[in-house]
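Working notes, beginning with the structure itself.
Right under this line is the structure:
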């Protein structure tokens, strides 16, 4: 809000002219998230003023200096017992945008003790008021007079000296007369709520009053954070931390992890979520800087894999951005993020070593988060891989239990492949793990690092078919005509047909196919269609012998025994198509349009045959 200088001759320096209304609009739409931050900025200025006064009077008793909030519907007032401003300070700092008193001579070396450092906080008051009235008296100069400053939304301001009686003691009072359209943020109840919201962890006493006759001022921050208090027993401390986490976040934490990084003056807690959250969804954390709430959505303080906790912390050395609504990304923040991640790992390791019941509840809810961590963290892998649940042919079980039952652990490459073979592999005594979920296949293959006696291999179709028993020669000869018709009917799907016996007998057929094989067949078909030309030559160069799918019919199944005895060629073909369609449906993979058409056609043909036979 600098006053314009007189016009200068051409070539001479000129001062920038500031359109304050335009600047306030810029702040409200691009720097600050909401008009409510005006109270946070006033609190921040008051806290910094108290910090500076404490530097002048280090022997003053605790609680000697404080902050008082007042709102009665017509004005909002914030008063502090801080260092105050002289008339020269008022001209220098309140009338110059971007000039912070925290950069002034004599306290620049203490900047790390202050929250605000950018000289724009007072402008936020213009989000809710057209006039800012400041009365201040400096504690730096004995017998300093009181100084009044009035700033207006049009960019003008006035300064005058007041008699000492206007403010008998050092400090500053900021008074706002709210605009009619800002009642949402300046009503007494809202000012009290905002004071608690932003200032509940401030180290200086903060009180609020609404001018009601006979009503006493109420404390905004009646007690320090639970991690800053002493408790008679570890159990009572743990319960207090959990209760605070529930009050802040609205859920009863599965456990609380106390956070303490003395190097950056950081304290707080991490609350373990009692339920799983979608992978990749990051919950915001509450970050206070020197007691002042900075952000409720600071997801940058923890790595992405730690989405099973929500944190509330208070730090001394983290740097806020100019808006003071997020953290400045620097080496300090990176080091804090790494240190807090180590605390998460240590909690998991401690639970694994000493509290199996807690670990079980944690893994039941957050196994995906732990799996993502174990992929990149050898220590967590060593501790928790045996405890992690996987989908297997024995049901959902831990890898440790599964490896005790199956000497060789087979792992599929996709969920689809697992669903195709699960029932038959289980009946054949094969131990198969579903490796189609994120991280699972990679983790299962690392089992021998933890259990050297275990053997892990990818499931190969040949491995499964090798455990299917061949039929006797007479049965195969009797079924040869049907098998030939079935192969011809399914040639369009690059599918061979074989007859075997396997359990369970209720399964009529098994479709052995893989995503890679289907892709290769699609590419080969495209190459055939594009023969000739550059694209055809490229596909031809890549062409390999396309692997065929295999429909394995189960001789133990009554439906198959009936089908292979059919002596009507058209009906035999239709039954083979129906068996293929049923097997494709049971595989739970996406059907190609031709397969959907085949299923519908075979059903209609079988229905038509039955109706002709009845007639």
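In the working numbering, the protein residues as written are 689 to 1303. Beta carbons are placed, not taken as given, at the ideal position from N, Cα and C, and that holds for glycine.
Quick check on DSSP: helix, strand or coil for residue i?
{"i": "residue 866", "result": "strand"}
{"i": "residue 1059", "result": "helix"}
{"i": "residue 845", "result": "strand"}
{"i": "residue 909", "result": "coil"}
{"i": "residue 993", "result": "coil"}
{"i": "residue 1238", "result": "strand"}
{"i": "residue 960", "result": "strand"}
{"i": "residue 818", "result": "strand"}
{"i": "residue 1290", "result": "helix"}
{"i": "residue 1136", "result": "helix"}
{"i": "residue 710", "result": "helix"}
{"i": "residue 1077", "result": "strand"}
{"i": "residue 1050", "result": "helix"}
{"i": "residue 792", "result": "Note on residue 792: pLDDT 45, under 50, position unreliable in the model; no value is reported."}
{"i": "residue 1014", "result": "coil"}
{"i": "residue 1036", "result": "helix"}
{"i": "residue 1181", "result": "helix"}
{"i": "residue 894", "result": "strand"}
{"i": "residue 1030", "result": "helix"}
{"i": "residue 759", "result": "strand"}
{"i": "residue 1148", "result": "coil"}
{"i": "residue 800", "result": "Note that residue 800 scores 48 on pLDDT, short of 50, meaning its location in the model is unreliable; the coordinates nonetheless yield the value given after this. Reduced to three states, the DSSP call for residue 800 is helix."}
{"i": "residue 638", "result": "This structure leaves residue 638 out entirely; the chain is present only between 689 and 1303."}
{"i": "residue 1281", "result": "helix"}
{"i": "residue 1068", "result": "helix"}
Hey, residue i and residue j: beta-carbon distance below 8 angstroms or not?
{"i": "residue 1124", "j": "residue 1143", "result": "no"}
{"i": "residue 979", "j": "residue 890", "result": "yes"}
{"i": "residue 1068", "j": "residue 1024", "result": "no"}
{"i": "residue 1177", "j": "residue 1265", "result": "yes"}
{"i": "residue 730", "j": "residue 813", "result": "yes"}
{"i": "residue 1311", "j": "residue 774", "result": "The chain is shown from 689 up to 1303; residue 1311 falls before or after that span and cannot be answered."}
{"i": "residue 905", "j": "residue 918", "result": "no"}
{"i": "residue 1073", "j": "residue 1033", "result": "no"}
{"i": "residue 1059", "j": "residue 1002", "result": "no"}
{"i": "residue 957", "j": "residue 915", "result": "yes"}
{"i": "residue 738", "j": "residue 769", "result": "yes"}
{"i": "residue 1261", "j": "residue 1184", "result": "no"}
{"i": "residue 858", "j": "residue 826", "result": "yes"}
{"i": "residue 772", "j": "residue 824", "result": "yes"}
{"i": "residue 816", "j": "residue 876", "result": "no"}
{"i": "residue 936", "j": "residue 862", "result": "no"}
{"i": "residue 959", "j": "residue 933", "result": "yes"}
{"i": "residue 1062", "j": "residue 1131", "result": "yes"}
{"i": "residue 986", "j": "residue 1014", "result": "yes"}
{"i": "residue 1078", "j": "residue 1128", "result": "yes"}
{"i": "residue 1271", "j": "residue 1279", "result": "no"}
{"i": "residue 1096", "j": "residue 1119", "result": "yes"}
Please report how far the alpha carbon of residue i lies from the alpha carbon of residue j, in whole angstroms.
{"i": "residue 1275", "j": "residue 1040", "result": "37 angstroms"}
{"i": "residue 1000", "j": "residue 913", "result": "10 angstroms"}
{"i": "residue 1287", "j": "residue 1242", "result": "20 angstroms"}
{"i": "residue 1281", "j": "residue 1291", "result": "16 angstroms"}
{"i": "residue 1197", "j": "residue 1099", "result": "22 angstroms"}
{"i": "residue 1086", "j": "residue 1157", "result": "30 angstroms"}
{"i": "residue 977", "j": "residue 1008", "result": "8 angstroms"}
{"i": "residue 940", "j": "residue 893", "result": "29 angstroms"}
{"i": "residue 868", "j": "residue 822", "result": "21 angstroms"}
{"i": "residue 973", "j": "residue 845", "result": "40 angstroms"}
{"i": "residue 757", "j": "residue 818", "result": "19 angstroms"}
{"i": "residue 829", "j": "residue 1029", "result": "48 angstroms"}
{"i": "residue 1047", "j": "residue 1057", "result": "13 angstroms"}
{"i": "residue 789", "j": "residue 929", "result": "Caution is warranted here: a pLDDT of 48 is assigned to residue 789, below 50, making its placement in the model unreliable, and the coordinate value is therefore given only provisionally. About 37 angstroms."}
{"i": "residue 1269", "j": "residue 1294", "result": "13 angstroms"}
{"i": "residue 1155", "j": "residue 1114", "result": "11 angstroms"}
{"i": "residue 910", "j": "residue 888", "result": "8 angstroms"}
{"i": "residue 1139", "j": "residue 1094", "result": "13 angstroms"}
{"i": "residue 881", "j": "residue 871", "result": "14 angstroms"}
{"i": "residue 898", "j": "residue 741", "result": "27 angstroms"}
{"i": "residue 1083", "j": "residue 1112", "result": "14 angstroms"}
{"i": "residue 884", "j": "residue 809", "result": "19 angstroms"}
For the ligand FMN, I want to know if residue i counts as a neighbour, meaning its beta carbon is within less than 7 angstroms of at least one of the ligand's heavy atoms.
{"i": "residue 993", "result": "As presented, the structure is devoid of all ligands, the ligand FMN included, so that no description of it is given."}
Segment contact flag, the stretch 1095 to 1112 with the stretch 1171 to 1182, C-beta cutoff 8 angstroms, min 3 pairs: Contact between the stretch 1095 to 1112 and the stretch 1171 to 1182 is absent: fewer than three C-beta pairs spanning the two stretches fall below 8 angstroms.
Sufficient close CB pairs (3 or more, under 8 angstroms) joining the stretch 950 to 965 to the stretch 1045 to 1055: yes
Cβ contact (3+ pairs, closer than 8 angstroms) linking the stretch 825 to 844 and the stretch 718 to 727: The stretch 825 to 844 is not in contact with the stretch 718 to 727.
Residue ranges of each alpha helix (DSSP H) within the stretch 902 to 956, 4 or longer: 922 to 937
Those runs of the beta strand (DSSP E) which lie wholly inside the stretch 1089 to 1120 and span at least 3 residues: 1096 to 1099
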